[in-house]
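All remarks here apply to the structure that follows.
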Amino acid sequence: KTCGNFLRKDDWDIPGNDMLPSPVQLSDYTSCCIRCQTTLGCKAFAYSPSTKQCWPKTSTGDGGKPEGDRISGYSPNVCGGFIRKDDWDIPGNDLLPSFVQVSDYAGCCVKCQTTSGCDAFAYSPSTKECWPKTSIGNGGFSRSDRISGFDDKYVNSML
Numbered sequence: 009k010t011c012g013n014f015l016r017k018d019d020w021d022i023p024g025n026d027m028l029p030s031p032v033q034l035s036d037y038t039s040c041c042i043r044c045q046t047t048l049g050c051k052a053f054a055y056s057p058s059t060k061q062c063w064p065k066t067s068t069g070d071g072g073k074p075e076g077d078r079i080s081g082y083s084p085n086v087c088g089g090f091i092r093k094d095d096w097d098i099p100g101n102d103l104l105p106s107f108v109q110v111s112d113y114a115g116c117c118v119k120c121q122t123t124s125g126c127d128a129f130a131y132s133p134s135t136k137e138c139w140p141k142t143s144i145g146n147g148g149f150s151r152s153d154r155i156s157g158f159d160d161k162y163v164n165s166m167l
């Protein structure tokens with residue numbers, strides 16, 4: 009189910025952000041994944057098993073949506089519009105009453121993308137806890153076992 013470091017998501021579509029004017033005909037999911045890996049700027053893709061069409065993407069956009077006859081793949085370190093900062097925590101400004109359990113950084117990022125009002129998040133790789141945030145607050149601090157993501161509008165205040 010893997011292709012390099014790309015994560016596979018069955019029955020899931022990532023609409024928009026197409027790199028090409030029309031899909032590429034490829035025999036299977038793995039071929040579509042390899043096409044994305046070998047295309048400069050490709051960060052995600054969607055594949056249709058029935059039509060054998062492959063859509064390389066520049067980003068995961070808003071995270072995508074459930075869709076039959078689609079298999080999506082995306083890089084675990086990329087999530088459209090968010091900048092990743094390793095070993096960094098953003099305390100406070102939690103959007104939800106408690107954390108959300110997710111499998112990886114990308115899952116936390118997609119949760120933030122699909123949660124209204126989310127501008128940043130903190131993720132713990134060891135506990136797989138994700139904290140969507142309304143803002144970066146005071147910017148945060150260095151902390152092991154945390155990966156933070158924040159909207160690229162904050163890039164200047166985080167440098």
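Residue numbering for the sequence shown is 9 to 167, as defined by the numbering used here. We put the beta carbon where it would ideally sit given N, CA and C, even for glycine.
| Asked | Found |
| --- | --- |
| Same chain only: Cβ atoms within 6 Å of residue 9, ignoring 5 sequence neighbours per side | Unreliable placement is indicated for residue 9, whose pLDDT of 47 sits below 50; the coordinate value is still reported in the next sentence. Same-chain partners within the cutoff: 16. |
| Continuous beta strand (DSSP E) stretch holding residue 76: start and end | 73-82 |
| Completely contained alpha helix (DSSP H) runs for the segment 115-160, where each covers 4 or more residues | none |
| Three-state secondary structure assigned by DSSP to residue 42 | helix |
| Beta-carbon proximity check, residue 120 vs residue 141, cutoff 9 Å | yes |
| Beta-carbon gap between residue 148 and residue 97 smaller than 9 Å | yes |
| Alpha carbon of residue 74 to alpha carbon of residue 42, nearest angstrom | 23 Å |
| Reduced DSSP category for residue 111 - H, G, I as helix; E, B as strand; rest coil | coil |
| Residue environment, residue 46, which counts as buried when at least 16 other CB atoms sit within 10 Å | exposed |
| Three-state secondary structure assigned by DSSP to residue 7 | In the structure as shown, the chain starts at 9 and stops at 167, and residue 7 therefore has no counterpart that could be examined. |
| Length of the line joining the Cα atoms of residue 67 and residue 50 | 7 Å |
| Strand pairing of residue 91, partner residues [DSSP] | 158 |
| Contact belief for residue 145 with residue 91 at Cβ below 8 Å, rounded distance in angstroms | With 8 Å as the limit, residue 145 and residue 91 do not qualify as a contact, their Cβ atoms being about 16 Å apart. |
| Spatial neighbours of residue 52 in its chain, beta-carbon cut-off 6 Å, leaving aside the 5 residues before and after | 22, 65, 68, 82 |
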